[in-house]
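Only one structure is covered here, and it is reproduced in the block below.
2 protein chains.
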Amino acid sequence: MDSCKNKEITFDNETLARFAKAMGHPTRIEILRFLASLDSCYFGDIHNELPISKATVSQHLKELKDAGLIQGEIETPKVKYCINQENWEKAQLYFEQFFHSQQVKAFCCK
Amino acid sequence: MDSCKNKEITFDNETLARFAKAMGHPTRIEILRFLASLDSCYFGDIHNELPISKATVSQHLKELKDAGLIQGEIETPKVKYCINQENWEKAQLYFEQFFHSQQVKAFCCK
DNA sequence: AATATTGTTCGTAATTTTACGAACAACAAA
DNA sequence: TTTGTTGTTCGTAAAATTACGAACAATATT
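Which chain is which? The protein sequence lines are A and B, in order.
So the first sequence is numbered by the numbering used here: it starts at 1 and just counts up by one.
So the second sequence is numbered by the numbering used here: it starts at 1 and just counts up by one.
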């Protein structure tokens with residue numbers, strides 16, 4: 001008993017909203033798409049793809065990291081970023097169940 | 001020729017980010033879940049579900065409407081809201097293709 | 001005409017987001 | 001030790017978000 005404790009997923013609004021919020025900017029979508037098309041890459045590679053300052057790129061990366069969608073690893077003097085596989089799949093699951101939740105319908109208006 | 005013009009979908013970052021941004025707040029997720037579980041309902045029903053002022057609810061509904069995820073229809077003196085089916089499916093498609101886009105991978109770091 | 005119901009809009013305040021240059025930190029190379 | 005490379009952090013400014021009460025609009029009802 002309790003053997004599935006670490007598998008339990010609560011599809012709470014806060015978690016889904018946090019994932020969605022992190023995806024709520026074109027630049028961050030671009031970063032995620034870029035990282036999702038690779039195994040990993042360095043900060044500089046990401047910065048090269050974008051027409052914005054490194055400070056802003058770093059800021060967007062921090063938000064994606066805080067939301068759990070990506071992770072960074074120091075490889076002095078560079079920093080390697082990649083998709084956080086576990087949370088990426090969790091997010092995918094959240095969005096999937098969310099968009100499929102309209103199957104059962106009913107009227108609430110009289 | 002050109003017969004599929006109205007079917008073409010561009011999976012651009014701006015559109016996906018706009019959908020995501022609209023979903024980037026727990027209250028709006030709650031509203032969407034509620035509407036998705038029904039065929040439609042009135043503003044008052046939505047307001048009843050939430051512990052916030054009607055002004056704020058109205059504001060959130062406006063954002064969801066602007067993002068295209070829901071639609072409102074006046075049924076004097078009430079206002080009936082429902083999921084915008086077309087855009088809901090479009091959003092679903094956008095998120096699906098986004099999360100599946102990591103299939104093909106490559107290295108960018110040397 | 002006065003009153004009640006239903007939501008939107010207005011005005012406002014506090015917070016968050018977005019973006020940038022400059023300064024900084026950590027390390028490698030000259 | 002000085003210089004160069006790579007990114008983060010700081011400070012700041014402008015804009016957007018979030019939330020609320022009050023006022024308003026539109027329509028029924030009394």
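Glycine included, C-beta positions come from ideal geometry on N, C-alpha and C.
Nothing here was measured: the structure is a model prediction, and the numbers come from that model.
Within its own chain, the residues whose Cβ lies closer than 8 Å to the Cβ of A/Ile46, once the five positions on either side in sequence are excluded, are Ile31, Phe34, Leu35, Val57, Leu61 and Tyr81, listed in chain order. Look at the segment 42-68 of chain A and you find these whole runs of alpha helix (DSSP H), each 4 residues long or longer: 43-49 and 54-66. Following the DSSP letters along the chain, one finds B/His100 inside the alpha helix (DSSP H) bounded by residues Gln85 to His100. With contacts defined as CB atoms closer than 8 Å, A/Gly68 and A/Val79 fail to qualify as a contacting pair. With a beta-carbon spacing of about 12 Å, A/Ala22 and B/His25 fall beyond the 8 Å limit used to define contacts. The straight-line gap separating the alpha-carbon atoms of B/Asn48 and A/Ala20 is approximately 25 Å.
At a cut-off of 8 Å between beta carbons, B/Ser101 contacts chain A. With a beta-carbon spacing of about 16 Å, A/Asn84 and A/Ile74 fall beyond the 8 Å limit used to define contacts. Burial is judged here by how many other beta carbons sit within 10 angstroms of a residue's own beta carbon; A/Ser53 has fewer than 16 and is exposed.
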